[in-house]
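Let me begin by presenting the structure, written as structure tokens, before commenting on it.
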Amino acid sequence: MNVSPVYRSRLQVATLLVLVALLTACGINNIPTLDEQAKAAWGQVQNQYQRRADLIPNLVETVKGYAKHEEATLTAVVEARAKATSIQVDASTLDNPEKLKQFQQAQDQLTGALSRLMVVSERYPDLKANQNFLALQSQLEGTENRIAVARRDFILAVQKYNTEIRTFPGRLWHSVMYSDLPIRETFEATSPGADKAPEVKF
Numbered sequence: 001m002n003v004s005p006v007y008r009s010r011l012q013v014a015t016l017l018v019l020v021a022l023l024t025a026c027g028i029n030n031i032p033t034l035d036e037q038a039k040a041a042w043g044q045v046q047n048q049y050q051r052r053a054d055l056i057p058n059l060v061e062t063v064k065g066y067a068k069h070e071e072a073t074l075t076a077v078v079e080a081r082a083k084a085t086s087i088q089v090d091a092s093t094l095d096n097p098e099k100l101k102q103f104q105q106a107q108d109q110l111t112g113a114l115s116r117l118m119v120v121s122e123r124y125p126d127l128k129a130n131q132n133f134l135a136l137q138s139q140l141e142g143t144e145n146r147i148a149v150a151r152r153d154f155i156l157a158v159q160k161y162n163t164e165i166r167t168f169p170g171r172l173w174h175s176v177m178y179s180d181l182p183i184r185e186t187f188e189a190t191s192p193g194a195d196k197a198p199e200v201k202f
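This is the structure:
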């Protein structure tokens, strides 16, 4: 059978388009898409922790004005903040379990120091009535809730990504095309209830 060159080239283009459609339907793009979603979710976790860190200097200064005798507690908060902000885990080191664990421990220490500061504030009725303090309390409470949501979203994004590269056909695409993308690490609960936002009371 004699096939014209024009017909042959159209057939090749059509075959190529069908092949591309089949590859797309088979999930060839799922792994990089889910990887980017996990990185974006991590970015939100970092944003919320940074928001909390940004609130702390004003909180410490406000408490200091009313609770001058609580130097040890205030110092503990400042030191915990410094440690928490010094450990950076970006998208390129997100698959490093040791780095993620250090980050998590530093953030947990800061949460504990803030909780102790809130207990101390109960002893000072004038502090609890201060408008600036009440505004900071509200912002901190909202931030703790956003941290919990961001952490949950990150954990879910990592679970989806890891499931994709461990199951068929994602496992096949991972070994053939995306072997440079690692299994991602996620948070581990370090204490009971660690997956919930701490209650901030003044």
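When you line the sequence shown up against the UniProt record's numbering, it's residues 1 to 202, in that order.
Glycine included, C-beta positions come from ideal geometry on N, C-alpha and C.
As the structure is a prediction and not an experimental result, all values here were calculated from the model.
*Does the beta-carbon of A80 have 16 or more other beta-carbons within 10 angstroms, so that it is buried, or is it exposed?*
For this step, residue 80 is matched to residue 80 along the sequence shown. Classification for A80: buried.
*Can you tell me the Cβ-Cβ gap for A53 and A84, rounded? I've got them flagged as a contact below 8 Å.*
The residue given as residue 53 occupies position 53 in the sequence shown. The residue given as residue 84 occupies position 84 in the sequence shown. Yes, A53 and A84 are in contact; Cβ-Cβ is about 6 Å, under 8 Å.
_T73 classed as buried or exposed, judged by whether at least 16 other C-beta atoms fall within 10 angstroms_ = Taking the first residue of the sequence shown as 1, we reach residue 73 at position 73. Classification for T73: buried.
*Does DSSP classify N162 as helix, strand or coil?*
In the sequence shown, the residue the question calls residue 162 occupies position 162. Reduced to three states, the DSSP call for N162 is helix.
*Residue range of the unbroken alpha helix (DSSP H) whose run includes I31*: The residue you call residue 31 lines up with position 31 of the sequence shown. Element bounds for I31: 30-66.
*E79 in three-state terms, based on DSSP*: Looking up residue 79 in the sequence shown gives position 79. Residue state, collapsed to three classes: helix.
_Test item: CB-CB of L55 and T163 under 8 Å_ = Here the question's residue 55 lines up with position 55 in the sequence shown. Here the question's residue 163 lines up with position 163 in the sequence shown. In this structure, T163 does not lie closer than 8 Å to L55 by Cβ.
*Answer yes if the stretch 153-161 comes into contact with the stretch 38-47, meaning at least three C-beta pairs across the two stretches below 8 Å, and no otherwise.*
yes
*Please confirm whether D95 and P182 have their CB atoms less than 8 Å apart.*
As a position in the sequence shown, residue 95 is number 95, starting the count at 1. As a position in the sequence shown, residue 182 is number 182, starting the count at 1. A contact, by the Cβ cut-off of 8 Å.
*Would N30 be called buried (16 or more neighbouring beta carbons within 10 Å of its own) or exposed?*
In the sequence shown, residue 30 corresponds to position 30, counting from 1. N30 is buried by the Cβ-count criterion.
*asked:* Please identify the residue among T167, Y124, R146, W173 whose C-alpha is closest to the C-alpha of H69.
replied: Taking the sequence shown and counting its residues from 1, one reaches residue 69 at position 69. Cα-wise, what sits closest to H69 is Y124.
*For the candidate residues G112, R151, A148, G170, whose alpha-carbon lies nearest to that of T33?*
For the purposes of this step, residue 33 is taken as residue 33 along the sequence shown, with counting starting at 1. Comparing Cα positions, the closest option is G170.
*asked:* On the criterion of 16 or more Cβ atoms from any shown chain inside 10 Å, does L114 qualify as buried, or is it exposed?
replied: Indexing the sequence shown from 1 puts residue 114 at position 114. Buried, by the Cβ-count rule.
*Write down the C-beta distance between L134 and V63 rounded to the nearest angstrom, noting that I regard them as a contact closer than 8 Å.*
Translated into the one-based positions of the sequence shown, residue 134 becomes position 134. Translated into the one-based positions of the sequence shown, residue 63 becomes position 63. The Cβ separation is near 13 Å, so there is no contact.
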